[in-house]
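Here the protein sequences line up with chains A and B, keeping their order.
Be aware that the first sequence starts at 7, since it is given in the working numbering, and climbs by one per residue.
Be aware that the second sequence starts at 8, since it is given in the working numbering, and climbs by one per residue.
The beta-carbon is built from N, C-alpha and C at its ideal position, and this holds for glycine as well.
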Amino acid sequence: MPPRPFWPPLLAGFILGLVLLLTFLMTGHGLGASGFFTRFTAALGGWLAPAATGANTYLGPYLQSNPIASWISWEIVGVAIGALAGSITSGRFRLALERGPSIGANERLIYALIGGVLVGFGARLARGCTSGLGLSGGATLAVAAFVFLIAFFAAGFLVTFAARRVWR
Amino acid sequence: MTFPLYDNGMIAGLLAGILFGYVLEGAGFGSPRKLTAQFALRDWAVFKVMFTAVIVAAIGLWLAEAGGVMGTSAVFVPTLFFWAIALGGVLIGAGFALGGYCPGTSTVGLLSGRTDAAVFILGMILGTALFAALFEPLEGLYRAAEGPKGQTLMDLTGLPTWAILAVLLIMALGGFALGNWCERRFGGPLSADDVMSGLSVDEGRPADQDNLSRSARPNEHQATAS
């Protein structure tokens, strides 16, 4: 079955805006993502190295109770369900590696790992990611969100220009 | 009824998440090639979707407050810590450009079957652990240049909300026009067909490069001229 086309961007953006508004009206805050990975890292640390994680200034407080027991964890479970439902029903699910045509699979995985480390680190430094700070903060017209978005897009353009072969 | 309901239970989380994941997948944001094509200027879906969503939600929040169904200052507004947020934004932009995802879209990629998304998520966990390990030396930077609590663009400029929204709307329309021009100039947005036909099922051998470049570059003569 050929994949169904992606939604037109303005339609997707309009519906995402309504979803974001609904989230604000239900919960008092917007959508997020990186907060879950912080909690997951704390839980993993508590399991692999409980003493070191408990003593850590940043992650330690998460271990006072179950770090996974949080709204954001349910939200990410929901994101996974929604994404899976969307990709399967549209014929866009495929178990495969996705990469630019100029690099091999191993190189793609190295870049994915390095990119992940930078994003994981950056999201903790910024206190949020593209979803929680950029999108949700942007909807509240927060100064912090626009500082983040300008830095995010500027660095994205520069690094893409410097490392063109990764995706071209 | 007064909003927000401040309902942070399981159902509210699942509902918001399912809708969020479904829309991101529908927009094509499970594909790192489509996502990073934004930074190569050939596919402006990231900018269009984000900017439209921000404006729609911001107008909705403004109307809810003006209409009295929501209290003033009732929703969470992040506080600026200039250096941490600017540097964090740079790191996320750089990591997105190299790794192909951000935290939310990596989840969508994983549930679209992308194996590289799993490795990206492993990297995010390592990056989070690294930040935690270095937190004490970084704490000065983390808390530097703190802005007023929950400062908005209205607080910063003294302008009313409608004026800020009008400026954002004009910027968005300008950005969309620029985006459409760039999309024509640099090869056009990636369709679902482009993304699916470019996936390398056999990971041992280079991708079917002819197929990939042909399907992904409808205006190849223009793309190579740039």
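Taking 8 Å as the cut-off, the Cβ atoms of F127(A) and L137(B) count as close. Here A23(B) is near V25(A), since their CB atoms are less than 8 Å apart. R191(B) has its alpha-carbon roughly 42 Å from the corresponding atom of T47(A). For M8(B), no alpha helix (DSSP H) run applies, since DSSP gives it neither H nor E.
With respect to the 8 Å criterion, I62(B) and A151(B) are not classified as neighbours on the basis of their beta carbons. I99(B) sits close to F158(A), with the two beta carbons spaced by under 8 Å. Taking C-beta atoms under 8 Å as the contact rule, L115(A) and D50(B) fail to qualify, at a distance of about 23 Å.
Contact check for V82(B) against F30(A) passes: the beta carbons are separated by less than 8 Å. N187(B) is outside the set of residues whose beta carbon lies under 8 Å from a beta carbon in chain A. For the segment 94-114 of chain B, the residues whose beta carbon sits under 9 Å from a beta carbon of chain A are, in order, L94, G95, G96, V97, L98, I99, G100, A101, G102, F103, A104, L105, G106, G107, Y108, C109, P110, G111, T112, S113 and T114.
If you look at T95(A), you'll find it in the alpha helix (DSSP H) that goes W77 to T95. In the pairwise beta carbon analysis, the segment 76-95 of chain B is classified as not touching the segment 103-123 of chain A: fewer than three pairs are separated by under 8 Å. Listed by position along chain A, the residues whose Cβ is nearer than 7 Å to that of P11(B) are F30, L31, M32, T33 and G34.
Residues of chain B whose Cβ lies closer than 8 Å to the Cβ of E81(A) are, in chain order, G20, L21, A23, G24 and F27.
Taking 8 Å as the upper bound on Cβ-Cβ separation, chain A lies near residues M77, A81, V82, F83, V84, P85, T86, L87 and F88 of the segment 73-88 of chain B. In this structure, F10(B) sits away from V56(B), with a CB-CB distance that is not shorter than 8 Å. Proximity to K156(B) across T63(A), F154(A) and A150(A) peaks at A150(A), based on C-alpha coordinates.
Residue range F142 to R150 is occupied by the alpha helix (DSSP H) that includes E143(B). By a beta-carbon distance limit of 8 Å, G38(A) does not contact F103(B). Their separation comes to about 16 Å.
The C-beta distance from S40(A) to G140(A) rounds to 11 Å, too long to fall under 8 Å, and the pair is not in contact.
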